[in-house]
Amino acid sequence: MQKQWTAVIRPKNSLLDLKLKEVWKYRDLIRLFVARDFKTKYKQTVLGPLWFIIQPLFTTVIYNFVFGNIAGLSTDGMPGFLFYMAGNVPWLYFSTCITNTSNTFVSNAGVFGKVYFPRLTTPISTVITAIINFLIQFAMFLIFWVYFLFKGAPIHINWIAALTPVFVIQMAILGMGFGIIISSLTTKYRDLQVLVSFGVSLWMYATPVIYASSSLSPKMYNLLMLNPMSPIIEMMRYGWLGSGKISFLFWGISWITTLIVLFLGIIIFNRVEKTFMDTV
Numbered sequence: 056m057q058k059q060w061t062a063v064i065r066p067k068n069s070l071l072d073l074k075l076k077e078v079w080k081y082r083d084l085i086r087l088f089v090a091r092d093f094k095t096k097y098k099q100t101v102l103g104p105l106w107f108i109i110q111p112l113f114t115t116v117i118y119n120f121v122f123g124n125i126a127g128l129s130t131d132g133m134p135g136f137l138f139y140m141a142g143n144v145p146w147l148y149f150s151t152c153i154t155n156t157s158n159t160f161v162s163n164a165g166v167f168g169k170v171y172f173p174r175l176t177t178p179i180s181t182v183i184t185a186i187i188n189f190l191i192q193f194a195m196f197l198i199f200w201v202y203f204l205f206k207g208a209p210i211h212i213n214w215i216a217a218l219t220p221v222f223v224i225q226m227a228i229l230g231m232g233f234g235i236i237i238s239s240l241t242t243k244y245r246d247l248q249v250l251v252s253f254g255v256s257l258w259m260y261a262t263p264v265i266y267a268s269s270s271l272s273p274k275m276y277n278l279l280m281l282n283p284m285s286p287i288i289e290m291m292r293y294g295w296l297g298s299g300k301i302s303f304l305f306w307g308i309s310w311i312t313t314l315i316v317l318f319l320g321i322i323i324f325n326r327v328e329k330t331f332m333d334t335v
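In structure tokens:
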């Protein structure tokens, strides 16, 4: 009598063979990874998940003091605290996606070497965990947004704010794309792990998180908007605060860049996945 196997593991036919149906079958594993990442990160901390609130809150206070009060950078007439938080919260989400997924192969090497499951589930679970953090921090932003609104601040919400879920999805795709590229390269070049945090910090200064893009010259503005994160930050801030200016052209370019990064990330990820246990 011939045995009927419940699952058959086959090598990937091409670098673009994502096996998305197989990833969907392992959705319970993704939920377990999300719970693991959420619990282990703050398991032995005193404040636990409160760090989700403390981190953006303290960072925003520092930005407001240093760049708003001391440096005197323009905030487009918005309350400085709210202006910086509107840029800081999405940036923290993106930076978390890219830094955490950049450790996918190295941090999960022990699990990858023992049991089979679609490797793409690990970066996906990392991004989902980051979304949970973002929702908590974004709720805090909305509390301050309502507070300043009742205080009479010149806040003008518009229909762009309704695109927030789209911006979140794009940041997740962009962060995961860059993250899995870096993760694939760190299996051979561990130096990249040291450079990731430093590089992301520098990237922030090329993004209008702590300054208003309207204060830049047209040439510098166009150059800044080629950064795929810049149109996202600008449009979120414009949607919720009504400050700054937006360009759907640059947002379209940002989406093209995002999809290209994801495409390259998947190709490199699938290639390294076959042999990474020999080099990690």
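For the sequence shown, my numbering assigns the number 56 to the initial residue and increments by one for each residue that follows. Where is the CB? At the ideal position from N, CA and C, for every residue including glycine. As the structure is a computational prediction, the values presented were derived from the model and not from experiment.
**OP:** Identify, in the order they occur along the chain, each residue of the same chain with its Cβ nearer than 8 angstroms to the Cβ of Ile301, setting aside the five sequence neighbours on each side.
**Re:** Ile215, Pro286, Glu289, Met290 and Tyr293
Original post:
Nearest CA to the CA of Thr159: which residue from Val78, Ile236, Leu197 and Tyr118?
Top reply: Ile236
Original post:
Rounded to a whole number of angstroms, what is the C-alpha to C-alpha distance between Asp84 and Phe233?
Top reply: It is Leu, not Asp, that sits at residue 84 in the sequence shown. Roughly 23 angstroms between the two C-alpha positions.
Original post:
What do you reckon, are the CB atoms on Leu266 and Leu128 nearer than 7 angstroms?
Top reply: One detail in the question is off: residue 266 reads as Tyr in this sequence, not Leu. Contact: yes.
Original post:
Since Leu296 contacts Ala141 with CB under 8 angstroms, what's their CB separation in whole angstroms?
Top reply: 6 angstroms
Subject >> DSSP-derived helix/strand/coil call for Leu271 >> reply: coil
Subject >> Thr334 in three-state terms, based on DSSP >> reply: For Thr334, the predicted model reports a pLDDT of 49, less than 50, meaning its position is unreliable; a value from the coordinates is still stated below. Correct three-state label for Thr334: coil.
Original post:
What is the residue span of the alpha helix (DSSP H) that Trp146 lies within?
Top reply: Gly135 to Thr156
Original post:
In three-state DSSP terms, what is Thr130?
Top reply: Coil, per DSSP.
**OP:** Let me know if Met231 comes out buried or exposed under the rule of 16 or more other beta-carbons within 10 Å of its beta-carbon.
**Re:** Buried.
Subject >> Length of the line joining the Cα atoms of Val327 and Asn119 >> reply: 43 angstroms
Original post:
Counting only beta-carbon atoms, is Asn188 nearer than 7 angstroms to chain C?
Top reply: The structure shown contains no chain C, having only a single protein chain.
**OP:** Take Ser268 and list the residues in its own chain whose beta-carbon comes closer than 8 angstroms to its own, dropping the five residues that flank it on each side.
**Re:** Non-local C-beta neighbours of Ser268 in its own chain, meaning closer than 8 angstroms and more than five positions away in sequence, comprise Tyr276, Leu279, Met280, Ser285, Glu289, Gly299 and Lys300, ordered along the chain.
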